[in-house]
Structures are given as C-alpha cells and as structure tokens.
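Asks: Let me give you the structure first, and then I'll get to my questions.
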Amino acid sequence: MIFGSGIIRGMFVTLKNFATSYFRKPDEGGLFTVEYPEKRIPLKERFRSFPFLVYDGTPENLRCTACDICARECPPKCIYVVRAADQDGRPLRRPAAFTIDYSVCMNCGMCEEVCPFDSIFMDHEFEIASQDRYRELVYTLTKLLKSNEYFNNIRPRDAQAVDKKRREAEEKKKLAAAQAAKPKLDEPPKPV
Amino acid sequence: MNISEIKSKIESALPGVSVKIVSQSLLVEKPGNLTRVVRYLKDSPEFRMDYLASVTGADYLDYLESVYHLYSMAKKTGPIVLRVRVRRDEPKIPSLARIYRGAEFQEREAYDLFGILYENHPDLRRLFLWEGFEGFPLRKDYLQEDSEILEAEDIQWLEEHGIPIPEDIRKQAHELKQQGLRALAQKPTKESGV
Amino acid sequence: MEYLDQLFVFAKRLMLDLLARFLPDWIVLVASMVISIVAILIFAPLTMMYLTLLERKVVGRIQNRIGPNRVGKFGLLQPIADGIKMLTKEDIVPFQADPVLHFLAPVIIVMPALLIFAVIPFGRGMTAVDLNIGILYFIAVSSISTIAIFMASWGSRNKFSLLGGMRTVAQMISYEVPMVLSVVPVILVAETLSTNAIIEAQSAGWFVWTPWGLAGFLIFFLCAVAECNRSPFDIPEAESEIVAGFHTEYSGIKFALFYMAEFISVFAVSALAVTLFLGGWKGPWLPSWLWFLLKAYALIGVMFWFRGTLPRFRVDQLMGLAWKFLLPLALINIFVVGFWYFSPGLWKWVGSLGILGPSFWIFTKLNRSYVPENRVYRLAEDENNETVGA
Amino acid sequence: MDEKTVTVQDTNPMDTETLEVNFGPQHPSTHGVFRMNIVLDGETIVSVKPVMGYLHRNHEQIAENLTYAAVMPYTDRLDYFNSMANNFGYALAVEKLARIEVPERAQYIRVIMAELTRLVNHVSVIGFLLNDLGAFFTPVLYAFREREKILDIFEAISGSRMMCNYFRFGGVKRDVSDADLEQIRKIVQKFPAFLDEFEALLTKNEILCMRCQNVGVLPPDLAVNASITGPVLRASGVNYDIRKVDRYSIYERFSFRIPLGDKGDVYDRYYVRILEMRESVKILEQALKGIRPGEFIHPKSTSFLKLPRNFKPPVGEAYGRVESPKGELGYYLVSDGTPQPWRYHVRSPSLINLTVLEDLCVGHKVADAIIILGSIDIILGELDR
Numbered sequence: 012m013i014f015g016s017g018i019i020r021g022m023f024v025t026l027k028n029f030a031t032s033y034f035r036k037p038d039e040g041g042l043f044t045v046e047y048p049e050k051r052i053p054l055k056e057r058f059r060s061f062p063f064l065v066y067d068g069t070p071e072n073l074r075c076t077a078c079d080i081c082a083r084e085c086p087p088k089c090i091y092v093v094r095a096a097d098q099d100g101r102p103l104r105r106p107a108a109f110t111i112d113y114s115v116c117m118n119c120g121m122c123e124e125v126c127p128f129d130s131i132f133m134d135h136e137f138e139i140a141s142q143d144r145y146r147e148l149v150y151t152l153t154k155l156l157k158s159n160e161y162f163n164n165i166r167p168r169d170a171q172a173v174d175k176k177r178r179e180a181e182e183k184k185k186l187a188a189a190q191a192a193k194p195k196l197d198e199p200p201k202p203v
Numbered sequence: 066m067n068i069s070e071i072k073s074k075i076e077s078a079l080p081g082v083s084v085k086i087v088s089q090s091l092l093v094e095k096p097g098n099l100t101r102v103v104r105y106l107k108d109s110p111e112f113r114m115d116y117l118a119s120v121t122g123a124d125y126l127d128y129l130e131s132v133y134h135l136y137s138m139a140k141k142t143g144p145i146v147l148r149v150r151v152r153r154d155e156p157k158i159p160s161l162a163r164i165y166r167g168a169e170f171q172e173r174e175a176y177d178l179f180g181i182l183y184e185n186h187p188d189l190r191r192l193f194l195w196e197g198f199e200g201f202p203l204r205k206d207y208l209q210e211d212s213e214i215l216e217a218e219d220i221q222w223l224e225e226h227g228i229p230i231p232e233d234i235r236k237q238a239h240e241l242k243q244q245g246l247r248a249l250a251q252k253p254t255k256e257s258g259v
Numbered sequence: 045m046e047y048l049d050q051l052f053v054f055a056k057r058l059m060l061d062l063l064a065r066f067l068p069d070w071i072v073l074v075a076s077m078v079i080s081i082v083a084i085l086i087f088a089p090l091t092m093m094y095l096t097l098l099e100r101k102v103v104g105r106i107q108n109r110i111g112p113n114r115v116g117k118f119g120l121l122q123p124i125a126d127g128i129k130m131l132t133k134e135d136i137v138p139f140q141a142d143p144v145l146h147f148l149a150p151v152i153i154v155m156p157a158l159l160i161f162a163v164i165p166f167g168r169g170m171t172a173v174d175l176n177i178g179i180l181y182f183i184a185v186s187s188i189s190t191i192a193i194f195m196a197s198w199g200s201r202n203k204f205s206l207l208g209g210m211r212t213v214a215q216m217i218s219y220e221v222p223m224v225l226s227v228v229p230v231i232l233v234a235e236t237l238s239t240n241a242i243i244e245a246q247s248a249g250w251f252v253w254t255p256w257g258l259a260g261f262l263i264f265f266l267c268a269v270a271e272c273n274r275s276p277f278d279i280p281e282a283e284s285e286i287v288a289g290f291h292t293e294y295s296g297i298k299f300a301l302f303y304m305a306e307f308i309s310v311f312a313v314s315a316l317a318v319t320l321f322l323g324g325w326k327g328p329w330l331p332s333w334l335w336f337l338l339k340a341y342a343l344i345g346v347m348f349w350f351r352g353t354l355p356r357f358r359v360d361q362l363m364g365l366a367w368k369f370l371l372p373l374a375l376i377n378i379f380v381v382g383f384w385y386f387s388p389g390l391w392k393w394v395g396s397l398g399i400l401g402p403s404f405w406i407f408t409k410l411n412r413s414y415v416p417e418n419r420v421y422r423l424a425e426d427e428n429n430e431t432v433g434a
Numbered sequence: 003m004d005e006k007t008v009t010v011q012d013t014n015p016m017d018t019e020t021l022e023v024n025f026g027p028q029h030p031s032t033h034g035v036f037r038m039n040i041v042l043d044g045e046t047i048v049s050v051k052p053v054m055g056y057l058h059r060n061h062e063q064i065a066e067n068l069t070y071a072a073v074m075p076y077t078d079r080l081d082y083f084n085s086m087a088n089n090f091g092y093a094l095a096v097e098k099l100a101r102i103e104v105p106e107r108a109q110y111i112r113v114i115m116a117e118l119t120r121l122v123n124h125v126s127v128i129g130f131l132l133n134d135l136g137a138f139f140t141p142v143l144y145a146f147r148e149r150e151k152i153l154d155i156f157e158a159i160s161g162s163r164m165m166c167n168y169f170r171f172g173g174v175k176r177d178v179s180d181a182d183l184e185q186i187r188k189i190v191q192k193f194p195a196f197l198d199e200f201e202a203l204l205t206k207n208e209i210l211c212m213r214c215q216n217v218g219v220l221p222p223d224l225a226v227n228a229s230i231t232g233p234v235l236r237a238s239g240v241n242y243d244i245r246k247v248d249r250y251s252i253y254e255r256f257s258f259r260i261p262l263g264d265k266g267d268v269y270d271r272y273y274v275r276i277l278e279m280r281e282s283v284k285i286l287e288q289a290l291k292g293i294r295p296g297e298f299i300h301p302k303s304t305s306f307l308k309l310p311r312n313f314k315p316p317v318g319e320a321y322g323r324v325e326s327p328k329g330e331l332g333y334y335l336v337s338d339g340t341p342q343p344w345r346y347h348v349r350s351p352s353l354i355n356l357t358v359l360e361d362l363c364v365g366h367k368v369a370d371a372i373i374i375l376g377s378i379d380i381i382l383g384e385l386d387r
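Chains as they are written, first to last, in our numbering: chain H, 12 to 203; chain P, 66 to 259; chain W, 45 to 434; chain F, 3 to 387.
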C-alpha cells in the first residue's frame, strides 16, 4: 500500500459527495438541507410541542373541569389551575384560570396522557419564540383554548379516536339516564 | 449461588466478619470490615468480582447507607449487592478506591451529595457542587433554598449593580437575616424508610 | 484576442499616455507605480472576500449542504455583509494584554501577504515589478508573517494564543526549509530567479510534467498549505484544541485582518505554485490572465478540498513530516534534476523515476510511525470467535 | 562586556515552567461544559484533572420528588443523544422493582428503538471524534445526514426527535405502525452502504491512523478495575456486553457478535464502534423480521398511565442496567411503597468512564487529550446529572 492512498481514497469520497450534491436526491447523497422558513418538513401527526386546551363549538364550552390532575402530574410543574366558583363560593366544574408556563414546559406529554376528560393535548405549534419570557411565554386560558376542529386538523387520527370515545360515552350516559329515568314511572316500587 | 450461600462462604472465609441478608443483599455489619469482604470477593477464585458497577449512598433518616453492586467480568456473574450502614453524625466508611479505581468518582459523588466520608480515598473532594457548598442535597433533611425569596446577599449584590429591589422583598430578606436564617423554606420530609 | 490578452496592460498604458501629455516624466513614473499598487490593493481584498465565500460554498457542497445563500443571489453579497459585521463589531483588547503588540500584529500580518503580489505574473506582461530575484523576494517576504503571528500570540496574554504562537513559529520555520529546497530544481533548470523568466522557460512544457517537477510541485504545494496554516496543517489555529490559536483574543476588524492575510497568502502561494510548476499564464485560446487565475483557483480549490476532507496532524507529526520526509525528498529532488539535465532521451525518465520512487518508498518505511498499523479485531460470539482485519 | 565575565551557569539547561491551562468549561471540544485542568510542559501533558458539575441539576433529587412515571421524561435529559436507551434502563429497573411483565411486541419495539439509538450515537460520536481530530465538520455532517433519518422515525413514533419519552412500565407509549416499520426497514437496508462510504473516508486515512493509533492506550486490567464499560472497555479487548451477559429484554433471541479491540487505543475505540454498528444492523434486521402484531403495553400497566399516583411498587429495591451506547447505564431504585421513589440513582457510564482520563492522557500532547476525551464519548447531561 502506497503511503497516502488512504487519504486519496477519502478525498474521492468527498469529491463524489461534492459532485452528487448537484443532481442527486437528498437520501441518495444529494443536498439534504431544507431551507426552513420557505420550505418545511411536513410535521408528523404524533409530533408534540406544547399543550393546549380543546373546546367543543364555542370557547365557553371547554372540556376542562379544573380537576388539577395535569397540574399535579406535570413533571416540571408548569401548569397552574384555579377552579372557578359561583357567587356562593361553591366550586364549578370549569377553570377560572389555566396557565401554562411554556418557558418551563418540557414537551413531555404527560398532561395529555393523564387527562381524564380528553381536554389537554399537545399542539403542533412550535414557533413561539418571543422577546419577553414572562409576558409572552406564560400562556393563559384564552391563549390556550383551541377548537376541536383545529385538533382534528392537526392530529386527525387521535382526534377522531377521542371524538368517537366521547360520542360513545355520551350515548352510554344518555342510555343509562333513560333507563334510570324509566322504571320510576312504569314499574311499581319494589317491596322493601 | 444464592444469597445465603454467599453469606456463609464469606463468613467462613473471613472469621470475625458478620454479614446480614437484607432484601437480597448483604449488609456488612461493621463498616470497617468492608474492605476485607470486598477483597475476598474480588480475589477468591469462586467469585472473582472484578467489576464494581455502582457505588451509591442512600439516606434512611436513622442512618446513612452505602450500596455496592459487584459483578464479575471474568465469570460473567453477578450481582452481589453489598451495603454498609453508618450513623448520620459520623458517616465514615472505608474507601474502595484503592481496590477498584472505578470507585473513585462514584465515592466522590456520594460524598458530595450525601456527605459520606470515605476514608483513605485518594482525593475526596466535592464532585459536582462547588467547594464551600453547605449541606448535602440528597440527604432527606436537606433544606432547599426557596428561589422565590431572595437572600440578603443577593439583594445587596443586585443593588450594587444598580438593580432596584421592591421594599417588601428587601424587608423580608432582612428579617430572615435577623433571625439568623438564610432564605429558606421547609421541605416536607417523608415518614419512613425501607 | 491579442487585445483581450493585453486588456489590462493596454488600459494602464492608455492612462499613462494621457498623463504624459500634461505632466512631467517623474509623475508618470510615480503614477505607474500607484496604478499597480491600487490594482493590487483592490484585487487582493476582493479575492479574499470571495475566497471566503467560495470556501464556504465548496465545503458546504462537500458536506451536502448548500452553503451561504441568504444574502444576495447565491449568497454573493455575503462577504460584504460579513465585512460590515466585522467592521461594526466591538474591538476587545484583553485585560493586561500588550496593547502595542496586540494592535500591530494584524496590521503587520497583512503587509507581507500584499507585498508578495508585487512579483506575481498575473498575465503576459502583467507583473507589477519584474524583479530579477522574484522568487527570493517571495520567500523572504512571506517568512515575515511568522513575526506578526508571534506578536499576536504574545501580545494577547492568553495561554491558548501562546500555544498557538509557539506552534506557528515552529511550523513556519520548519516548512520554509523544504519549500525553498523544492523550488531549487526549477531555478536550476530555468537558470533564473525572475518569475517571468521561469514562465518563459516553461514554453516547451510545464515543469509539473517531469518527474522532478511533479515531486517538487507536491512538496511545494504541501509546504505552501502548511505556510498558510490551512488544513490539514492548521495546528496554529486548531479550533478543537486551542480554540483559535493566535487569534483567540481578536475581534472585529483585527480578526478580519488575520482572516484576510490568511486568504491572501492562500492566493499568493497558489499563484506562485502555478508560476513555478504549472506554466504560469501559458495556455491556449484563453487570455493569459484568465489562464493564470483559472490555474490558481484550481489549486485553491484543492486546498478547500483538503479542508473538507482531512483531519489535522499533531504538532510532532507535523514537524516530523517536514524534517524527516519532505526535506530529504526535496534534497533528492535536487539531485534528480541534475540527472535529468545531463542524461539523454529515455534515460532521463527511467533514471529520475528510478531514484524518486524508491526513495519515496524508503522514507515511508523509515518513518514507520506514519504507516498505518494493521489491526485485527475479534468478533466474539458465545461459541466461536471470528476475526476481521482493518 | 569583557569575555571573562560570562559565567558557566549561563549554559545550564533552560529553566522552564509548566503551564496550567483550563480546557473548558467553554471550549469547542469538551463536548459541553466540561473542564479539564491540564498542566502542560510545553505541549506535553503532565497532569489532567477533570472538573465537572457545570450542568449539575441534581437529577436524583428531582426524581425523588416525582412519581415514578414522571421521572421518565427526565431520563431523556440524561444522555440527550440516546433518550431511548435511558428510557429503556429506567423502564427495566421499575419493571424489576414492581415485577411488571412486558408483552412480546413491546419487547421487539424496545429492542428496535435501542439499536436505532445505538446507531445514532455511534455514528455521531465518530463524527465528533473526527471534529476533535480537526476534520472540518465533514464526517459530522455525513453522520448527521443518517442520524436525521433515524430521528425522523423517532419523531413519527414517539412524537419527539430527541426527548422521546417513549417507554412506559410494561411496554411502550404507542404502537408502531406498519408504515413506520417499513421506513425503519429502508433505513436499516441502506445503513451498511453508508458505513462503507464512511469507512472509505476515514478508516485507512493515514492522518487519522497517525493521530489515533497507539494514543491513549487503555490496558484491559485497568479498564476492568476502573469500571469502564461499553465500547471503551471492549476496545481494550474485554468481552463484556450486558446485552449478552444479562440477556435482558429479548436479546437472547438475536444472533449478534461483540467486536473486541486489539490494543485499546483511540483507533480501536473508533473501529469497535463501526463494527458495533454493523452488528446493530444485524439485530435490527432480525428484529424487524421477527416482530408480530400484538399488544404494545401490558393491559395491567395501562391503568398506571392514567393515574401515575396509583403506581406504588412494593417496598424493595432494584438495580436495572442496560448496555447503553456509552456503556453500562444502571438505575438503582429503592421503593418505600409510596408513589415516589425513596432513592433513585443513576450509574452513568459517561462519569465513570472518565475515571481513567488522566491515566490515558499523561505523557501525550494536548491534541491527544482532546481526541482521548472524544473517544471516551461523554455526554454532559449524563455526566453531571
């Protein structure tokens, strides 16, 4: 083996890559740069960035019941939930405030996993950079709420599964309610 | 080889050493005997435990513990788990760094975070935290500083650099300093160990 | 054709003719110098600016990237943007640094790089100063940059800089020796030290097509790469080891000057290699200056190609390569050229190759640490072991 | 001056001093915020003292204040180059602690993910090593070209490119679709060709050989004694791979071999990694052939997913270890029967492999210290924790 042959062989590898970068496809030795702001790689459906809250129809009709489970299970503790109350101070099944500090959030998706009401999901929006860490990155309820249609749009498979589950649960509930309501009228009360 | 056989082998080979079985591991009753046990396990042809996989501490409120996981690379067996318990106020355990080089950083780490003093360690300094750090953060009674309350020194520093501090925060820090405390918040302690 | 070839020469003559109508002779003489100097002062930084872009583009393509393409079409305005950035950046002088040395070093380092341009024959009749000791001048001037680099490293008061400076001095002085010796065969054959005359001597054929020319060219080119601190000989500014070597503590325009000096000397040494071995501006069909630039840029392209491919030498290996490998080869090459000069016909070829080939082989054998060892790797399975060589 | 006044002492050897240089915490090739306190005699190293802790987050204390499930995303942040391997080790330890079974498909998915991670790690480590050697980013970018493809797969499967958070106790978070498996098959098929190209660029390169061979030789007995694991250990010729020794998960079903080095120098560490990638490709091929439809998580474990606070492993302790690309990654867990671990310890290979740094570096040049560090392959997230 002549001294220097390894170097020359290596130089041909780079020369080949130099040449192929002009005409090959990205996965065959061509350019693999995606010029980001103009071109984008399509996001994968399961891609998760930051959590958001889903509402059905109108923003008042939100699914969250302020059960606080996501806030408790959040590993970096970036979710703050305050339960709403009526005039008498009795707690309502909706949040008065729901705040997520996106600057603390670590995109793990635990909140989505533990939510029992299919309310919180991971978004696809990742371009949230801003100048002010406190004012811009602390997301309040109004900024977090997004419609179910949006959810269906970004993650169709997951959203449809959730919708189906919710519909079934709804129907079951109706059926149960109907059955529970029926006997009172028709059947005579059982002897005690 | 199950754990009780290992125990009886150690005890018969090393007179005066007593070990106890604690949840599939061997508790060396006297910390001073640790090096003898380890040397035996390393050198005896039956065990050939030449690889010290892990050294770590643990705090069980009543005592501190040092746990060793020994494997044999030569015979591909293991692990034998050794543990040593010491009093919290006098946590002295003989170092294994002279027997296994691999213990060097791990013992420094355990010293750093638990305050276990490994005797005869070649270079027992803090590993991750800086020299002069107060306390041992992985002990269960370690009091965490509350990041929301500024210390008096911090305030002084900030003001020297021209950063205005609200009056109430300055007062709060000052009061804490008067009481001889740093800015501290009580961390909830757990009730029981293993 | 003739007109295109002599475009710049005619332009200068036209200007001088105009001046001569109104002004005395000595002013015309001065004006002649000024025109050449201005041309060089415009050409050199412009070359440097676009060489940076070219390098980033070439290395980018080698790495399957696009390279800079945001400022202007194909990134053509990138060097200007970089220049503005460099000019507007804060100039930082380290605490307790030697301010005089720290300030002077970048100024001094640009000067030899620019001075070299005086003897480069850009085309037929396009040498700024046709010195009869052109080559000697080149070697003398280019070695000045060592001093500037050492000033920078010493003046910075930084340990990384100091290490870089020590490496530079060692490297530059070592590589000067085989570089000069590799030029000697050319001088012997051409019987002159003037750059123009050397090109004229290559009318029959470029020196690189002879055995001694090829060997000399390779030695000269490797040494030239080392003189410019380019990869794989870039140990004075080895980023992964000593951060940025001698210019660790430089920012803004001073840093830009170091950068400029590096790229200008890249062009200068390539131009000299072209002059000495590749027939200078000689070539068919195209204008002479275009030929010259094409050849020079091809060599610069090879330097970028090196940069995109090769890891760096270690400091002792680098020195070893100069003293134990290139230097003896260059000495033997001088002997070979004598043999070539005095032997007839085919004997030239057989004899030269017969000396150069075995001596190359012997020197690789003597430098055993440079030859890769063969390794045998076991692939252990539970039952049987298999071996593979690498 | 009169000649007689010149004294004999002037011809004595030069009075030189050693130079103490801090490499890091901000340095291009310390792979993060790691500091080497190097004492130099000229260019030769006299002593090296590693200083660490700049990225210390007290991971163990964070974990001891969280539920078992909530630690999983934090393990991603240990060795952020191979989060899947970290997940694997932690899941294994908890499963050992709580005696959870893992269904077959989940085991296959885990092995596939772990081996893909190994490819990602080794290929980039070689790239970084070459960067330390002074190659101007070319090997790194070729490596990243391949790494991107695998990260795309990770993103499609787990939702994130690097912080995967994919493993769950008793399985994995989500099933892998057939399309994803097909994509993995494609990558695995093309990977050997890439390795060939990579080797053509590097393996026989004289400069690389000059720089790497016989530099930082780690003798096998020292390697074992200093608890070195992973490719660094195997490059010294010690046959110890936890995939073979513990046969955890379903590694006993695959036939693969363990490459062992010749001398234990930087070059062997480089080449052992290349050979290991080739073996990983073999495992992947077999796993992709063997994977069958089925459950991706044990039905019993699904209840913990929704209510992590109900997951209370029985009182006891467990030490789970995997062959992470860096070496033995062990998790030591002590449960007190509450939803939070009483003691959680990570045995990080990056930290322990550094024990021998000084032994390897002393007597070599500065440039060698950099490549020795690069060949040990440390990740600061795991080293400092």
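We treat Cβ as the ideally placed atom computed from N, Cα and C, and that holds for glycine.
#1: Measuring only between beta-carbons, confirm whether Thr-20 of chain F sits less than 8 Å from chain W.
#2: Note the first and the last residue of the continuous alpha helix (DSSP H) segment covering Asp-112 of chain H.
#3: Do the stretch 249-258 of chain W and the stretch 283-293 of chain W touch if we need at least three Cβ pairs shorter than 8 Å?
#4: Could you tell me whether any Cβ in chain P is nearer than 8 Å to the Cβ of His-58 of chain F?
#5: Between which two residues does the beta strand (DSSP E) containing Asn-24 of chain F stretch?
#6: From Ser-179 of chain F to Val-122 of chain F, what does the alpha carbon distance come to, in whole angstroms?
#7: Exposed or buried, which one is Trp-405 of chain W when buried takes at least 16 other CB atoms within 10 Å?
#8: Could one say the Cβ of Val-93 of chain P lies closer than 8 Å to chain A's Cβ atoms, at least one of them?
#9: Closer than 7 Å, Cβ to any Cβ of chain F: which residues of the stretch 347-362 of chain W, in chain order?
#10: So with CB distances below 7 Å, who are the chain F contacts of Arg-35 of chain H?
#11: Could you tell me which chain P residues have their CB closer than 8 Å to the CB of Tyr-334 of chain F, listed as they occur along the chain?
#12: Out of W:Ala-234, W:Ser-238, W:Leu-120, which one is the CA nearest neighbour of Leu-95 of chain W?
#13: Using the C-alpha atoms, what's the distance from Pro-221 of chain F back to Lys-265 of chain F?
#14: Going by DSSP, name the residue or residues bridged to Thr-304 of chain F.
#15: Under the assumption that Phe-386 of chain W contacts Leu-320 of chain W (Cβ atoms under 8 Å), give the Cβ distance between them as a whole number of angstroms.
#16: Show which residues of chain F have a CB atom less than 7 Å away from the CB atom of Asn-284 of chain W.
#17: Since Tyr-321 of chain F meets chain P, which of its residues come closer than 9 Å, beta carbon to beta carbon?
#18: Let's test the definition: count the other Cβ atoms within 10 Å of the Cβ of Ala-70 of chain W and tell me whether it reaches 16, buried, or not, exposed.
#19: Excluding the 5 residues flanking Val-163 of chain W on each side, which residues of the same chain have their C-beta closer than 7 Å to its C-beta?
#20: For Lys-392 of chain W and Trp-367 of chain W, what's the separation of their Cα atoms in angstroms?
#21: In this structure, what does DSSP give as the bridge partners for Phe-63 of chain H?
#22: At which residue ranges does the stretch 154-219 of chain F contain complete alpha helix (DSSP H) runs of 4 or more residues, listed in the order of the chain?
#23: Return the first residue and the last residue of the beta strand (DSSP E) that Leu-356 of chain F is part of.
#24: So that I know if they touch, is there some Cβ in chain W lying closer than 8 Å to that of Thr-25 of chain H?
#25: Starting from the C-beta of Glu-184 of chain P, find all residues in its chain whose C-beta is less than 8 Å away, skip the five residues before and the five after it, and write them out in chain order.
Replies: Well, looking at it:
#1: Translated into the one-based positions of the fourth sequence, residue 20 of chain F becomes position 18. No, Thr-20 of chain F lies away from the interface with chain W (no Cβ there is under 8 Å from its Cβ).
#2: Along the first sequence, read from residue 1 onward, the residue named residue 112 of chain H stands at position 101. Looking at the DSSP string, Asp-112 of chain H is not in any alpha helix (DSSP H); the run it does join, the beta strand (DSSP E), is 102-112.
#3: Output reads no: the stretch 283-293 of chain W does not touch the stretch 249-258 of chain W.
#4: Position 56 of the fourth sequence, counted from the first residue, corresponds to residue 58 of chain F. Yes - at least one Cβ of chain P is within 8 Å of the one on His-58 of chain F.
#5: Stepping through the fourth sequence from its first residue, residue 24 of chain F is reached at position 22. First-last of the beta strand (DSSP E) with Asn-24 of chain F: 21-25.
#6: What you label residue 179 of chain F is simply residue 177 of the fourth sequence in a count that begins at 1. What you label residue 122 of chain F is simply residue 120 of the fourth sequence in a count that begins at 1. Spanning the two alpha carbons is a distance of roughly 21 Å.
#7: Reading the third sequence from its first residue, position 361 is the one you call residue 405 of chain W. Residue burial annotation: Trp-405 of chain W is exposed, with fewer than 16 other C-beta atoms found within 10 angstroms of its C-beta.
#8: This model lacks chain A altogether; the protein chains it does include are H, P, W and F.
#9: From the stretch 347-362 of chain W, only Arg-351, Gly-352, Thr-353, Leu-354, Pro-355, Arg-356, Phe-357, Arg-358, Val-359, Asp-360, Gln-361 have a Cβ closer than 7 Å to chain F.
#10: Within the first sequence, the letter at position 24 stands for residue 35 of chain H. The contacting residues do not exist; Arg-35 of chain H stays about 12 Å from chain F at best.
#11: Taking the first residue of the fourth sequence as 1, we reach residue 334 of chain F at position 332. Neighbours of Tyr-334 of chain F on chain P, chain order: Ser-119, Thr-121, Val-132, His-134.
#12: Translated into the one-based positions of the third sequence, residue 95 of chain W becomes position 51. Ranked by how close their Cα comes to the Cα of Leu-95 of chain W, the residues W:Ala-234, W:Ser-238, W:Leu-120 have W:Leu-120 in first place.
#13: Position 263 of the fourth sequence, counting from 1, holds the residue named residue 265 of chain F. Position 219 of the fourth sequence, counting from 1, holds the residue named residue 221 of chain F. If you draw a straight line from the Cα of Lys-265 of chain F to the Cα of Pro-221 of chain F, it is about 8 Å long.
#14: One-based indexing of the fourth sequence puts residue 304 of chain F at position 302. BP columns for Thr-304 of chain F are empty, so no partner.
#15: Along the third sequence, read from residue 1 onward, the residue named residue 386 of chain W stands at position 342. Along the third sequence, read from residue 1 onward, the residue named residue 320 of chain W stands at position 276. Between Phe-386 of chain W and Leu-320 of chain W, the beta carbon gap of about 22 Å keeps them out of contact (Cβ cut-off 8 Å).
#16: Along the third sequence, read from residue 1 onward, the residue named residue 284 of chain W stands at position 240. The amino acid at residue 284 of chain W is misidentified as Asn; the sequence shows Ser. Correct list: Pro-30, Ser-31, Asn-133, Asp-134, Gly-136, Ile-372.
#17: To locate residue 321 of chain F, count along the fourth sequence from 1; it is residue 319. Going along chain P in sequence order, the residues near Tyr-321 of chain F (Cβ under 9 Å) are Ala-118, Ser-119, Val-132, His-134, Pro-144, Val-146.
#18: Sequence index remark: in the third sequence, residue 70 of chain W carries index 26 (1-based). Note that residue 70 of chain W is Trp in the sequence shown here, rather than Ala. Exposed, because fewer than 16 other Cβ atoms sit within 10 Å of the Cβ of Trp-70 of chain W.
#19: In the third sequence, the residue the question calls residue 163 of chain W occupies position 119. Once the five neighbours on either side are set aside, the close Cβ partners of Val-163 of chain W are Thr-171, Val-173, Leu-175, Gly-178, Tyr-181, Phe-182, Thr-239.
#20: In the third sequence, counting from the first residue as 1, residue 392 of chain W sits at position 348. In the third sequence, counting from the first residue as 1, residue 367 of chain W sits at position 323. Trp-367 of chain W has its alpha-carbon roughly 28 Å from the corresponding atom of Lys-392 of chain W.
#21: Residue mapping note: residue 63 of chain H aligns to position 52 of the first sequence, counting from 1. Answer by DSSP bridge pairing, in chain order: H:Phe-132.
#22: Qualifying alpha helix (DSSP H) stretches, in chain order: 180-204, 208-214.
#23: The residue labelled residue 356 of chain F in the question sits at position 354 within the fourth sequence. Membership of Leu-356 of chain F in any beta strand (DSSP E) is not indicated, and neither H nor E is assigned to it by DSSP.
#24: What you label residue 25 of chain H is simply residue 14 of the first sequence in a count that begins at 1. Yes, Thr-25 of chain H lies at the interface with chain W (some Cβ there is under 8 Å from its Cβ).
#25: Taking the first residue of the second sequence as position 1, residue 184 of chain P is located at position 119. Excluding residues within five positions, the ones whose Cβ falls inside 8 Å are Lys-157, Ile-158, Pro-159, Ser-160.
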